[in-house]
Every structure is written in C-alpha cells, then in structure tokens.
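One structure below.
Protein chains in written order, with this note's numbering: chain Z, 1 to 472; chain S, 1001 to 1226; chain D, 2001 to 2240.
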C-alpha cells in the first residue's frame, strides 16, 4: 500500500528524532558552521545593509524577469551559445539527452546542481546508456550510496569518515586503507581525474545568470566545477529561470554574502564566469555551450503577490543550517529535492499543496530562518501563509476543520469558554486521578507520551480575579 | 554570423516553450507587488580598504595562498626558480606572453616548458605559470581570463603560479568587476575567474582538506615595480 | 493561560500593581486567536481577533505575559483584519499592546521591581519574543536587578524549545526531540530554575524535564519578579 508523502514524513521523522547518533553528527557539523558563519559575518561591516542590498538586487531581477532573461539570452546567442527554455523537468531532460546522444556522448561529468536533482537528469541520461559522474565530493559520495543529497550545500554531512572509507573500499578500490579525509579526497581525485579527461560533456548549474554581461556565474571550492567547464568539448548549464541578476557588479555583494551564508567563507575559492564556447584563438574551453533555462512551476510563483519573493532564494543553505527541525530530523526526512525551510515553503508551489502542505506544518514557526536569510525572505511568514492556503484549498482534514469551528464558537462566548475550560480541567483531574494518564482515555496522551502531565490548577485566573486578588 | 533577429527566430522555432514561458512570466508580473520603503541611502557594506597591499597579503594568508613580494624581475625569477625546484619533476605549462618569456629566460628552470601556444596543459604538468588581469585586495583574489593561458591553466596542475605586479592591485570586488564590464573582458574572453585560494573541500565531516580537484598550491609572485 | 497557568497572570498583576499600575481584567476576554491563526484557519481566527479588539478597545495599555500572543496582536492582526471594519481599532490596539517584560522596561522604564529570588536561573529566549518583538535584552535587564539571583547563560539559548503550538501534538516526535536538546542545554548550566517570556515554552519544558527527572524547575518570569522576599513560599511550579 503506498503512503502519502505526509505519512512517510511522519514515519521518517519519528525514526530520525530518536536517532541520537545522527543528531550528534549533525550537531557537530552545524556547530562548526555556526562558528565559521559568525566569523564570516564579522568580515562584513554592515551585515543588515548587505542583506538589504541583496534583497534589492533579487527583487529587481525577479520583478523584471522577462527583460533580464532576454538580455542574457541575446548575449549568449551572439557569442555562439545556445539557450533552451524548458517548461518542465521532462523538456529539460529530453533536450540534454537528445543533445548528448546526437553528439555521441558516452560520459558526462557533473558539478553540483540542485536543479538537476529537481528534474532528475542523471537517471534520464543513464537510461540512455550514458555514464554520469558526480564530481563534487559530497555528491560523488551520495551518488555511490545511491541516495539523494542530504543538504543543498554539503550533500554528505550525515556521514562520518569511517562510513565514507568503507563505501570507497566497496565501490571504488578495496585497497583504500585510510579513513583520513585528505586520503579519501585524494582517492576521489585520482578516480575522477580519468572521468574529467574522458568525458565529452560537462554539466554544471549556475549560481547566477548575469544579464548585462550575458554570463553564468558558478561559485565552487573544489575545482571540480572548473574542470567540468574547461575540459569536455560540450558544456551544458542547467539553471532555474529565477537565478538571473541584472549586472556583473551585483556579484560584488552577492558573492561574499553567498559564501558567508553558505559556509562562512569570505568568498568561495572559484568565482567562475562563462559566457559562451571557446573563442577563436583561446587555448582551450568547450566548443559548444548550451544553457537550459528551467521553469518547472517558477513562473507560477511570480503571480503570487505574497510569495513571489520566494524566488529570490540564492540557495545558500543558511535556513537549513539554523532550523531546529532540520537539525533534529535531517535532510532526507523531508523527501523533497529542497529540504529545510526553503524546501517547505517552495515545494507546495512546485509539486502541489495537497501533497506537501505537511511540510509547512512541520515547523514550530520559531522564525530563525527568516532572521538568517541573506536575501530577507520571510520564510516563517510564508509557512504560515501556506497553512492558510492549505485550509482555504480544502486540503486539510474535515475533523480538524470541525474542531476549529467548535473552538471559534466557544471563543466568541466568554461564559462558554470559561465553562469549557472548567470541564476540561475537571475531566483531566478525574482521568489522572484514576491513573489513566497516557492511556487511550487521556485526551492529552500525545502530549503525555514525552512529557510529565501538566499540573492542573484548582481554579482559573478569572475565578481568582472575581474573588478579588490581593493588591499587595 | 547570423543577425540578431535570425538568431532569436531560430531560438523560437526550435523551442515552442520559450514563448509560453515568457508569456507566463509576463502574466505573473502583471500582479503588482507593493514596493517596500526606500533603502537607507548608500550604507557602507564593506570596510573601506586603506592599504590594499597589506590587505592582500593578509587575505592570502587566510586563503592558504602563498604571496612572495619581490623588488624586481631578477628577484621574481629567483622566486620562480625556487618554487619550481620544490615541485616533483615534470613539465611546466606557461602562458605564452612576452613578460613570461622574459621571466622564464631569467629563471632558466631545468625542466621542460610547455607554452600555451602549443596547446592546453595536461596531467603531465606539475605547475602552471600565468599572468593575471588584476589582484583584488578585499578578498585576496586573482582575476584571470582565458587570455591568461586558457581555462585549464589555473586549475589543472597541482601548483599554480601567478606573476603579477603591485600596480595590478585593485582594492575590492566592486572595482574589479566594474573594470571587467568597462573593458568588455567578457566579450573578448569566453571565461573569467576570481580565484581566492587553493582548491579545497570540507565535505567530509566539515574538515578542511586542501587540494581537491584544483591546485593544492596557489603562489603569487608579486613584483613591486614593473 | 487563564485556564491552565493562572499563576502567571496572578504574578503579572502583582508586579504591575507593585510598580504603581492600575490593573483591569476584562472578563469577556477569551483568546487572541493564535491556535486558529497558526493552524491556517484564518476564517476562524478572524472573529476571535475582532472579539479581542472589542474587549480591549478602551484600555490605555494591554499587557500580556506571553510573547507569542503579543506578536499575534502586533504583527498579525493588521494582516488578519485588513478587510475588517475594526481594522483601525486593531491597529490602535496593536500599538498599545505589550509583552510583560517589554512593558516594564520600555514603557514603564523600570528594571528594578523590588524582587528577591536567591537562586540560580538560566534564561531561554522564547522565539516570538526574541524574533518578532525583538526582545533581546529586556528580560535579562529585569533578571539582573533581582536581589540574590544568579543568572547563568545557556548555550544555544536562542534555539527553539520545540513547543510550536499544535506542532507539539502533530509532530510530537520532533517537538520532543527539540525539547530534549533544550533540556540538555538547560541541564548543562546546572541552574536551579529556567525561565522564559513565553509560558507555553515553560509548560513544554517542564513536561520534558519532568519526564527526565531533571532537577531544574521551570518558573515564569513574572513569578520571579513577583517574589518580594516577604512571603517565603515560592510560587514556582510544583512537580506533580
């Protein structure tokens, strides 16, 4: 029997919430991020001003999305590049697959791109007989484990070195003895080197599409993205349409902010700008350059006056890192391409509110996400709006709607409210008095599963007030 | 070379979704989203940089880059020799530029040189030597383009050596990017890169490992005078 | 709070009177509407909010010892009641509604309320008060003036305790896990008491701490400030 996404989520959340080893690994990872992040922020004189500037840049880009996309396209085409607009995952994957098969591609090297996860590109290429190598170390690791990335910036943060060494021994080379991260990296480098030089096609994402210069901007640390976009003769970029920014100079603040929020660095090691295939006279570079612009539900979000700003997201991962829910259940539990607060807000728009509204409810609305977002997306508020949208779309349980109708009735009638409260306390006192706390008869049994019962006062405040509170 | 109209037409006919997506975008944008209050006027986001050279050197340390300040080309040549000697035997790939021709001649390294005019660097290269378009003090970065020996020159070999002068130093990213725009560097080059350190990863247990797929060493030979 | 945590309200009134305020309790009040608002039933929250606005229309100040309720009134009533006939009254009310510690420090300009509480206390920065009302310092300023109180800082004091309203029941496992992490931070301080600006956080924490047989007890901020050293008995929550 198939489960709904919500049921699966609850199940996985229950397992992960109790998994103390998992919690410890995540806690350590996030702690090191917290330290680095604060150091990174201290390098920026006015962090709030930086956030406002980034918000302003993305707002301008999104509010004139058609203009900037066309400007970008024109420049790329003028340089001999190709731009393909894909309405959905299927169109994007078909384009890349057809291109690859037409050009006789047998091997692809890929640098990290969340949108390629979203459209599920690798399975399509593999089905067509093309070998796809993830070259970002974290992605390489989860690809070997045949699982999705755990986090949008650090895909393998849920694993320790021992697990990775064992994985490498099993899947790559039984001779790998050490579990030292440097040695594991060296092993990955050795193996991927061959892939870089054998591959006919390199696929990358783009952190930004720069409209006035007509270039893509990619921020990486490892150099795998550089190799994917330098060595193979075909370079394909897959990017969501919302990645556009108006000017090259906008990177002067976006690059440091992205790095600070993503990893705590002042700037990512390689800020690469590519505008087309190699020019005549250049030493190297791809002979063909294709940019696939993916819509897949994004243009719909433009029409939503409240939530259009969700398209400002620069995929830094800061909201994931600070979210206490993420820290306790981890990235895989969400069951979506994008986990964490941004995932919870965005997924109902991309994949349907009926199936994914539960993610917007799986939050204590603490607001930490909104407070760290470098482009000032009010994520917590959007979670609340998604909840409202879910009830208005009739997507919530009938029993719950009924409960709130009754609740409303009572809240508008003070005496009924007071009587209701008295009855509840009375009933609970009887149930607890009979030692039935936590049993099926206990209406607070879910609460009492993890907590000692709430002590019951003998009378309400209003009763005491009426009796006359001592004015001392 | 196709005209702009012809290029766009080609883009349109092979790609029916293009028009549909543009139409959806335009329709979506017809919803008016209220603009917030105006920003505070021009707050200073980054600390102004008073001593670019000092800042650049500081940042290099933080970025795990090596920066050797030299007085003249003779010292630079000696520095280059020293670095190359510390590397395993093998070929050195060098950007084919008069300044580097002179430097190599002065340094006279006892190892084979592959010039960029002979083709891209490969796995045989133990080091690459290139010029830079600019150095950026704010982030301790070097700015390279395809003109600096190609795309691979700054990433393929385990050691990348940059030969630059103090005159090439600009204070911040804003200045560097503005210059790239003004000089239309991205029209004459298909590639540019702002490099701020040796390649690295922290994907395993968030522990920093230097030398992932790119160079483990990034050395800047920074000459005071031209 | 009226029904389950009356002590918070009793102690709030006590402190307000002590600093010279005349306190009224309009008996027609019920609820600010937060449960319905947060669960997405804005259609049910709306009439509740309107009732609230009517009840408190003539108050000079509305003080509430719960950061989350106040943030609903200040930050969400404008949106919720945007098309209501009472929207202007709601806006006016919002500007006069304060969380308890906020009122003391920012409106009454008082940090010394004559309280005595010779115990070690650690402070949990409740989310709504912290992020929506921007209450970072006010509760601490008040605690520092309490005679004999030893304030111990906890790590990750700003991380959510995991209550989250219906979240505590709908996503009970996650809520409990978050609560346990917070309980661990509390325990690490060795403090006798933990306090916060939101009674629901403390209610949740008390349950978690109780289940772990922890020695730290929860106490409402208002209850600490109400201790004037005259009566020896503490109004801290007794364990059942």
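Glycine included, every Cβ here is placed at the ideal spot set by N, Cα and C.
Taking C-alpha positions only, residue 183 of chain Z is separated from residue 1212 of chain S by approximately 10 Å. At the C-beta level, residue 185 of chain Z and residue 1209 of chain S come within 8 Å of one another. For the segment 2108-2134 of chain D, residues whose beta-carbon sits nearer than 7 Å to a beta-carbon of chain Z comprise 2127, 2131, 2132. Residue 1057 of chain S is not a Cβ neighbour of residue 1068 of chain S, given a cutoff of 8 Å.
Closest in C-alpha terms to residue 1021 of chain S, from the list Z/77, Z/91, Z/179, Z/341, comes Z/91.
Flagged as an interface residue toward chain Z: residue 2159 of chain D, by a C-beta distance shorter than 8 Å.
Contacts with chain Z at 8 Å (Cβ-Cβ) include residue 1193 of chain S.
Among the residues facing chain D, residue 298 of chain Z is not included, as its CB has no counterpart in that chain under 8 Å away.
Annotation for residue 2183 of chain D: 2205, 2208, 2209, 2212, 2214 place their beta carbon closer than 7 Å to its own, counting only its chain and skipping 5 residues before and after. Interface flag for residue 1220 of chain S against chain Z is unset, since no Cβ pair is found closer than 8 Å.
Residue 2226 of chain D places its beta carbon less than 8 Å from that of residue 2015 of chain D. Looking from the CA of residue 449 of chain Z, the closest CA among D/2216, D/2190, D/2168 belongs to D/2168. The three-state reading of DSSP puts residue 2176 of chain D in helix, counting H, G and I together.
The contact set of residue 363 of chain Z on chain D, defined by CB atoms closer than 8 Å, consists of 2164, 2167 in chain order.
Distance from the Cα of residue 1124 of chain S is smallest, within the candidate group Z/344, Z/252, Z/374, Z/193, for Z/193. Residue 131 of chain Z carries a strand assignment under DSSP once its states are collapsed to helix, strand and coil. Neighbourhood of residue 324 of chain Z in chain D, by CB distance below 8 Å: 2159, 2160, 2162, 2178, 2181, in chain order. Inter-segment contact for the segment 113-124 of chain Z and the segment 75-93 of chain Z is present: three or more beta-carbon pairs are separated by less than 8 Å. Assignment of residue 2106 of chain D by DSSP, reduced to helix, strand and coil, places it in the helix class. Around the C-beta of residue 430 of chain Z, fewer than 16 other C-beta atoms lie within 10 Å, and the residue is accordingly described as exposed.
Within chain D, 2127, 2131, 2132 have C-beta atoms less than 7 Å from the C-beta of residue 367 of chain Z, given in sequence order. Counting C-beta pairs with one atom in each stretch, the segment 1115-1123 of chain S and the segment 1141-1154 of chain S have three or more that are closer than 8 Å, which means they touch.
From the listed residues D/2084, D/2112, D/2036, D/2190, the smallest Cα separation to residue 2020 of chain D is found for D/2112. Close CB contacts of residue 2155 of chain D within its chain, under the 6 Å cut and outside five residues either way in sequence, are with 2185 (chain order). According to DSSP, residue pairing for residue 1127 of chain S in a beta bridge involves S/1092, S/1159. Residues of chain Z with a Cβ closer than 7 Å to the Cβ of residue 2152 of chain D do not exist; the shortest Cβ-Cβ separation is about 20 Å.
Note: residue 201 of chain Z is bridge-paired with Z/108, Z/234 in the DSSP secondary-structure output. An exposed status is given to residue 42 of chain Z, since fewer than 16 other beta-carbon atoms sit within 10 Å of its beta-carbon. Here residue 2066 of chain D carries a coil assignment [DSSP, helix/strand/coil]. Under the three-state reduction of DSSP output, residue 2017 of chain D falls in the helix class.
Note that the segment 365-380 of chain Z touches the segment 2122-2137 of chain D; at least 3 beta-carbon pairs, one per stretch, sit closer than 8 Å. Under the DSSP assignment, residue 16 of chain Z falls outside any beta strand (DSSP E), being part of the alpha helix (DSSP H) whose first and last residues are 5-18.
A Cβ of chain D is located within less than 8 Å of the beta carbon of residue 417 of chain Z. If you draw a straight line from the Cα of residue 156 of chain Z to the Cα of residue 270 of chain Z, it is about 21 Å long. For the beta strand (DSSP E) assignment, the uninterrupted runs of no fewer than 3 residues enclosed by the segment 234-277 of chain Z are, from N- to C-terminal side, 234-240, 270-274. Nearest to residue 257 of chain Z by alpha-carbon distance, out of Z/38, Z/16, Z/391, is Z/38.
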